[in-house]
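Data first, discussion second: the structure below is written as structure tokens.
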Amino acid sequence: MTSILALDPAWWQQTFLIKVPIGLLAVLLPAGTIVYLYLFKAVSFMQSRLGPMEAGPYGSMQLLAEVGKWLQKEDIFPTKADKFVFAAAPFVVLMSTFLLVVILPAGPDATFVNLDVGIYFAMAVSSVSVIGILMAGWASANKYSLLGGIRAAGQLIAYELPLILAVVGVVIQAGTMNMQGIVLSQAEGEIFGWGGIGNPFILTQFIGFFIFMVAVQAELTQAPFDMPVAESELVTGYLTEYSGIRFLLFFIGEFASAGVFSAIAAVLFFGGWYVPGIDPTNDIFNVIGPLILAGKMMAIAFLIFWFRFTFPRFREDQLQRLAWKFLIPLSLANIALTGVLKVVL
Amino acid sequence: MSDFLRSYLTVAVFGVLACALVGAFVGLSALIRPTRKQGQKYLTYESGVDPIGTGWGQSNIRYYIFALLFVMFDVEAVFIFPWATRLEAYGYFGLVEMAIFIFILLLGLVYAWRKGVLKWV
Amino acid sequence: MATTESDQMAYIAAQAADARVNVEVETDEGMTLNLGPQHPATHGTLRIVAKLDGEKVLAAEPIMGYMHRGYEKLTEVRTYPQVTTLVNRIDWLGSFANEVPFILAAEQLMEVEAPPRAQWIRTVLFELSRIANISLFLGDMAVQVGATTPVFYAFRDREFVLNQIERVTGGRFHPNFDRIGGLKDDLPKGWIEETGAVLGKMRDFCDEMEELVLGNEIFQARTRGIGVIPPDVALSYGLSGANLRASGIDWDIRRDANVGLVYDEVDWKVWTHPDGDSFSRFWVRLQETREAINILEQLLGGIPSGPIMAKVPRIIKVPAGEAYVATENPLGEMGFYVVSQGDLTPFRVKIRSASFSNMSITPWLLKGVFVPDIISILASLYFILGDIDR
Amino acid sequence: MAEIPEHLLKRAQAAREKAEAEAKSSTGDSTKPEETAVTETTETDEEVILTDEKAEAALATLQQELEGKILDSHIATGRGLWIRVGIQDWRPAAKAAKEALDCKFFDWLSAIDWMPSPYGREHETEQDLINDDPEENDDKEMEWGYTGGETRFQLICRVYSISKKIGVMIKADLPDNDPRALSLIPIYAGANWHEREAREMFGLTFDEHPDLRNIYLPGDFEGHPLRKDYPLLSRRMKPWPGIVDVELLPGDEE
Amino acid sequence: MGLVESGKIPKPLTKLLNMSRRYSMWVYQWGLACCAIEMGAAFASPRYDVMRLGVIPLPASPRQADFLVVSGTVTDKMAPAVRRLWEQMPDPKYVISMGSCANCGGPYWDSYSVTKGVDQVIPVDVYVPGCPPRPEALLEGIVLLQERIMNEDMAERWKGDPIVVE
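If you read the protein sequences in the order shown, they are chains R, Y, H, V and G.
Quick note on the working numbering: the first sequence kicks off at -18 and runs consecutively.
Quick note on the working numbering: the second sequence kicks off at 12 and runs consecutively.
Quick note on the working numbering: the third sequence kicks off at 15 and runs consecutively.
Quick note on the working numbering: the fourth sequence kicks off at 919 and runs consecutively.
Quick note on the working numbering: the fifth sequence kicks off at 13 and runs consecutively.
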């Protein structure tokens, strides 16, 4: 982008004036889109309903109404709650999402930061949100919340590993942990000597993709892994005592991280900002790259919400069993297979 | 400043400004929202009855073995990542090395499995 | 399980005794979790107090009465025709089915019998209520184990059945259509054909639920082997309806102790399942819905002509006597024990409602399960608050 | 007592006259339905005999098992079997029914307060005034139903045999001064909640019951609602709004 | 703090705030008796689909609810819980009383255990009559409530002490 405009602003200008606002928007906009498109509309259509129709044409202003409403709702701190932790928890959750977005490349030059250990950083930061959930659950001094928080922690230790191990396959194939590098290696890759569509890792790493998506579903606490919220069991789990703006923050956080994780999956397995047919070094990607990435992200996010509204919920012990007895061995096998193929071929 | 540090500084700036944004939301809400004290509003919610005991009732966390296993495997992941990036360079040697490494870990998992610790409760 | 039967019963009694949770006393160990009176899983206002150790339930006990409306007392100050208005509202999902046993009991005491046409139409409406009731269960069970969508389909298709009930009785919910000696009105024109079409839709709905819920691996993992009720225990707690049949006991009042309805005229099957777990309860109910459609399709073809009302006096005074009539309601056995002393009002009405007995097993059943299982077991036992609390 | 609207009184009056007229002429115009009724009873007669045999066999079994402890019995043709035992035989009777008659299915348990209500129907309509003069109620004797009775409270329990397809109603009189009985929980675990309900509604006591708490009503509730002398206070405050018992059909108004 | 409360917000802005409250109404998932099923039909049945109006039936906890539909019989045992759960909802909050039982006791007007009208316990904004009301009736009640919210003056609403029903 910057090179098109033939500008070369200083680092602080780049960061403060361009990157940060865009980055913040990159979290909030997808979150809003996902809430409106999927939570309100797609789901309603799946359930043969219409969804919001009154606020604006086809209910498109519904989101603004939501924000306006939550802004003026009272913010209740229960007497027994640990006030400071209670207030800080939504910050932690949202912070994790905001930090995740920085490693996403949206074009050859359109990156926020191009970390060498990009995906590693992402994995590290993503688990911070669970700390926020644990804080929320504990600070509420509410039994449902506490159980929800404990379940969230249990879920973290079950799904962090498959998530990380699923990525290893991609890293082996790409030979780098840099997100930009992963995109380029997909764009420049070849399938048995044929480079027509590059080599999107979904083709070679479909086991990895499967494990990654299952783990993301659990990481995002979406059904069938929504035990920390588990509406029919724990009322709203760790969110039970949250009201007003702080609930809205959690709400944004939930859908924003769904968006960001979808975008990471798009980068890892679907070639990120790249589409076949155009030279990946072409500057045009700095303009259309973000749109392509957003499109891929929305498609993957649809998967997440499709599963969420279709599947029943696992029980906590079944989740652990699935993780330890199925997903972890499978992901180790995937690593081994990828490694062997990489070396042999 | 090196590029390396600079990129982490960017990350830090992101974090701070994100916090500021969230804070702005909360502040705006504090400006316009009402506050109405009401008898039982600040009572802990427990499905409409008096809360029994505190919300911090001690509860038996059953998955500390899982937590131990998790730590073990997570440390393993730290080693696997750098290996994964350089696999092409290491070739067969690296492959065999890592196979042994993963095999030992798998052995641990199988042992835990056989001992029946991979069971909730 | 103990070997001899008496040992077994003693064991059950002991279990029932220490399943008791003293809610007033707070103990140090464990955590006492309240589910309800307002809780998404309790279908309204049931309250479950569970003592937990981590996520494991040490003991759980339902506390009811949040919906106790005093039916048995109120019937003593209502005339017989007025009582049907009340009893409609006991099981609010299959409301026509509530009226039938009471009316039949009153008819027994008065020694009148409804004309054949009225009996057929009663049976038709009875089975329609069953579909209206159980179809919601099929969706709701899925919600309780965490799937959001099926309940929307249930509400969607249930609407067609309610429409048909409304077309005959004028009420979607509480028809109050049954009269001592017959029915209030005849069927409207064209109703039979329309109902046939609706039954086709409900068949599709059952298939949809089978694929979407029953066939789902997660649903099976959540319900198979969970909440197993052995047949003897089920009998001694007085479980009835699909809960009993899911424990492998082949007993259906419609077939074995039929009073006043025309189930003998049609060819149908009683479904049982040997497992006795949550899954089999769902399965039996699903098959029962299909069987109800099957029964209805046969009944609709053969409704005899004739009057819909027997000759009964304008002011109904029921001769002295006692009668107990039970019918196989959607939730299980619903019976009315009517004691009359020759007045305009019943002297005493004991309402034997299915959910009350079905739920009385919960302290026994919920011991040692996980918190999520409480919800799936309760959902599979299928209760309606009005039917428990009355 | 609030003012009853004029038109309601008129309608009630009309209804009563009509009913009386019908009662007088009923012998005249009900010949035809009566005939069908007769044929129907002859049709069902065979069934009745069948069920009777079943009930009688069951009664014989129980009599043999209980050795003369059955005080009274009643077989309503085709409608079931009632037996009455002394309160000391309450649990043995249930045990006998379960073991000798295979009545494993516990249907329900409750009680009946046979005392005539001192408040009548609390309707105060025309018909109530004709039929149940509230003052008369005070002098009304207790009338027991099937199998008779001796005291005010009677326990009743129904058990059912799925193999034999016969249900038995077991009744037992409770002593007036101290209404208590042995709990049936050791025999039927399901009796637990039914006994709690009976305790709460009638103020009975069940010995050896592990947990006799209120089941429906809040802890501070006073009185036992299903006792006949428990007044419905709302009815004291204002009259029953639907005072006309029998709605006239549109054509019958005049 | 609390600009709405003190009425310091200019008129057009309050209009905007009212509008957002009107179109984003999260309804408390809480059914009491028979009416709860008709309420469920209004929420979940595609024929009625209350989400069209911007009513989101997600929250199961009172903390996230904007309005409460008292759908069914309130018994004396339940009444304290009704009151408490209503109080635990954050302001601004609204109540729809659905069905005869919640309005006045309905067919249980003479029962010994039924509260004759939920308005003895909590203040009610809209009454929906019927036993039970059809889902359409509830929808109309919601539309009436939305109109009421639209024309509301929050400063007026918050003036003085909170409404207390004893």
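Cβ coordinates follow ideal geometry from the N, Cα and C atoms, glycine included.
Chain-ordered chain G contacts of residue i [CB-CB under 9 Å]
i, result
"H/K203", "Within chain G, no residue comes near H/K203; the closest Cβ sits about 24 Å away, beyond 9 Å."
"R/G32", "D61, M63 and R64"
Environment of residue i [buried if 16+ CB atoms lie within 10 Å]
i, result
"Y/L118", "exposed"
"V/T959", "Note that V/T959 scores 39 on pLDDT, short of 50, meaning its location in the model is unreliable; the coordinates nonetheless yield the value given after this. With fewer than 16 other Cβ atoms within 10 Å, it is exposed."
"V/D947", "Confidence at V/D947 is low in this model, with a pLDDT of 43, below 50, so the placement of that residue is unreliable and no value is reported for it."
"H/G153", "buried"
"Y/V89", "exposed"
"R/L229", "buried"
"G/R95", "buried"
"H/P377", "buried"
"R/F307", "exposed"
"V/F1120", "buried"
"R/T157", "buried"
"R/P205", "buried"
"G/L65", "buried"
"V/T995", "exposed"
"V/M1060", "exposed"
"V/K1089", "buried"
"R/T217", "buried"
Among the options, the one whose alpha carbon lies nearest that of residue i
i, options, result
"V/P1136", "H/Y80, H/Y396 and H/I232", "H/Y80"
"G/I161", "G/S18, G/E17 and G/K27", "G/K27"
"H/I240", "H/R304, H/S261 and H/S254", "H/S261"
"H/K364", "H/E75, H/K87, H/L72 and H/S250", "H/K87"
"G/M166", "Y/P45, Y/S58 and Y/G38", "Y/P45"
"V/I993", "V/E983, V/D1147 and V/Y1064", "V/Y1064"
"V/L1073", "V/A1012, V/A1018 and V/G996", "V/A1012"
"V/A1107", "V/I988, V/P1128, V/A1099 and V/E985", "V/P1128"
"V/E1017", "V/P1093, V/L980, V/K972 and V/D1094", "V/L980"
Contacts that residue i makes with chain G (C-beta to C-beta distance below 8 Å)
i, result
"Y/I43", "G14, L15, V16, I21 and L29"
"R/K54", "D78, P102, D103 and P104"
"H/P54", "Q41 and A72"
Neighbour list for residue i in chain V, Cβ cutoff strictly below 7 Å
i, result
"G/D165", "In chain order: nothing, as chain V lies at least about 39 Å away."
Per-residue contacts from residue i into chain R (C-beta, under 7 Å)
i, result
"G/Y40", "Near G/Y40 there are no residues of chain R at all, since even the closest Cβ is about 11 Å away, more than 7 Å."
Contact set between residue i and chain Y, taken where Cβ atoms lie within less than 7 Å
i, result
"G/D103", "P45 and R47"
Neighbouring residues, chain Y, relative to residue i (Cβ below 9 Å)
i, result
"H/P51", "S58, G59 and V60"
"R/E200", "What R/E200 touches in chain Y: nothing, since even the nearest Cβ is about 14 Å away."
Neighbour list for residue i in chain Y, Cβ cutoff strictly below 8 Å
i, result
"H/R61", "S58 and V60"
Interface partners of residue i on chain H, CB under 7 Å
i, result
"G/I2", "Within the shown structure, residues of chain G are numbered from 13 to 178, placing residue 2 of chain G beyond reach of any answer."
Contact list for residue i against chain R, beta-carbon separation under 9 Å
i, result
"G/R160", "Simply none; closest approach about 15 Å."
Residue i: contacting residues in chain R (beta-carbon distance under 8 Å)
i, result
"G/S109", "Going along chain R, no residue has its Cβ under 8 Å from G/S109, so there is no contact; the nearest lies around 22 Å."
Closer than 7 Å at the beta carbon, the chain G residues around residue i
i, result
"R/E212", "A72"
Does the structure place the stretch 114 to 133 of chain H close enough to the stretch 309 to 319 of chain H that three or more beta carbon pairs sit under 8 Å?
yes
Would you mind listing the alpha helix (DSSP H) stretches within the stretch 104 to 134 of chain R that are 4+ residues and don't spill past its ends, in chain order?
109 to 120
For the 8 Å Cβ check, are there 3 or more pairs between the stretch 109 to 127 of chain G and the stretch 39 to 56 of chain G?
Counting Cβ pairs under 8 Å, three or more are found: they touch.
Any contact between the stretch 151 to 160 of chain R and the stretch 119 to 127 of chain R? By contact I mean 3 or more CB pairs, one from each, below 8 Å.
no
Can at least three beta-carbon pairs, one atom from the stretch 41 to 48 of chain R and one from the stretch 84 to 101 of chain R, be found at a separation below 8 Å?
no
Looking at C-beta atoms only, is the number of pairs between the stretch 269 to 285 of chain H and the stretch 114 to 123 of chain H that lie closer than 8 Å three or more?
yes
Decide if the stretch 26 to 33 of chain Y is in contact with the stretch 77 to 91 of chain G; the criterion is three or more beta carbon pairs, one per stretch, under 8 Å apart.
no
If we count Cβ pairs, one from each stretch, closer than 8 Å, do we get three or more for the stretch 129 to 149 of chain G versus the stretch 17 to 25 of chain G?
no
For the stretch 118 to 172 of chain H, list the alpha helix (DSSP H) runs that are entirely contained and at least 4 residues long, ordered along the chain.
Taking only runs of at least 4 residues, the alpha helix (DSSP H) segments lying wholly in the stretch 118 to 172 of chain H are 130 to 158.
When the Cβ atoms of the stretch 205 to 212 of chain H are set against those of the stretch 322 to 339 of chain H, are three or more pairs found closer than 8 Å?
no
Kindly confirm or deny that the stretch 96 to 107 of chain Y and the stretch 101 to 112 of chain R touch, where touching means at least three C-beta pairs closer than 8 Å.
Because the criterion of three Cβ pairs below 8 Å is not met, the stretch 96 to 107 of chain Y and the stretch 101 to 112 of chain R do not touch.
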